[in-house]
Amino acid sequence: MEAAVTRFFASPRFAVAGASNDANKFGYKILAWYHQHSLPVTPLNPRAPEIELPSKAYKTVTSPSALPGPTQTSLSVVTPPAVTLTLLKEAHSVGIPAVWLQPGTFDDQVLSFANSHFEAVVAGDGGQGHEGWCVLVDGEEGLESAGVQWTSQRL
1 MEAAVTRFFA SPRFAVAGAS NDANKFGYKI LAWYHQHSLP VTPLNPRAPE
51 IELPSKAYKT VTSPSALPGP TQTSLSVVTP PAVTLTLLKE AHSVGIPAVW
101 LQPGTFDDQV LSFANSHFEA VVAGDGGQGH EGWCVLVDGE EGLESAGVQW
151 TSQRL
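Reading the sequence shown from the start, the letters are residues 1 to 155 in my numbering.
Written as structure tokens, this is what we have:
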């Protein structure tokens, strides 16, 4: 899994599917994590035109096919399993190389599809958290293993 994390962070761009304006939801927290680490990130949300963090508002895109440079983008997923499968099919069709399926976003069918269609899949048991691989818990170590230089910025 460490190799998948390294590949995930080797992308020059990132996106968060399931990004939210609700600061209590993981879609907000994960978008904020990318922002706080000064990483180029695009939120995906078909219902909200932008996601507002305290120090920046991000324009959203509605789907993976609307991303600028999807073949250069790793995708963090924060959606229910039924939504995740549809999302991954579209992400694969536009060439997204790597996905990070946050805890609670996948089932066996989603994992099977992801593992057979992407260069790198981060998901499942492991990582430093008790619920499995999560960018909020394992992201900084992943950035280091991929040699990504980042600076901390305020939320």
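Ideal Cβ positions, reconstructed from N, Cα and C, are used throughout, including at glycine. From a predicted model like this one, the values you see are computed outputs, not experimental measurements.
Going straight from the alpha carbon of Glu32 to that of Leu67, what length do you get?
-> Checking the sequence shown, residue 32 turns out to be Ala, not Glu. So the alpha carbons of these two residues sit roughly 19 Å apart.
For Thr71 versus Phe106, is the C-beta spacing smaller than 9 Å?
-> no
Would you say Leu111 and Lys29 are within 9 Å of each other, going by their C-beta atoms?
-> no
Cα-Cα separation, Val121 to Pro97 | 9 Å
Whole-number beta carbon distance between Gln153 and His35, since they are thought to touch under 8 Å = 7 Å
Alpha carbon to alpha carbon, how far is Asp22 from Glu131?
-> 22 Å
Extent of the continuous beta strand (DSSP E) to which Arg13 belongs = Arg13 to Ala17
Can you pull the DSSP bridge partners for Trp100?
-> Ser76 and Val122
So, helix, strand or coil for Val94, using DSSP?
-> coil
Taking the C-alpha atoms as reference points, what is the distance between Val61 and Phe14?
-> 13 Å
Could you give the distance in angstroms between the alpha-carbon of Trp133 and the alpha-carbon of His117?
-> 19 Å
Is the Cβ of Gly139 closer than 9 Å to any Cβ of chain C?
-> The displayed structure is made up of one protein chain only, and chain C is not part of it.
Separation of Glu50 from Pro64, as counted between CA atoms = 16 Å
Own chain partners of Ser55 with C-beta closer than 7 Å, once the 5 adjacent residues on each side are dropped = Arg154 and Leu155
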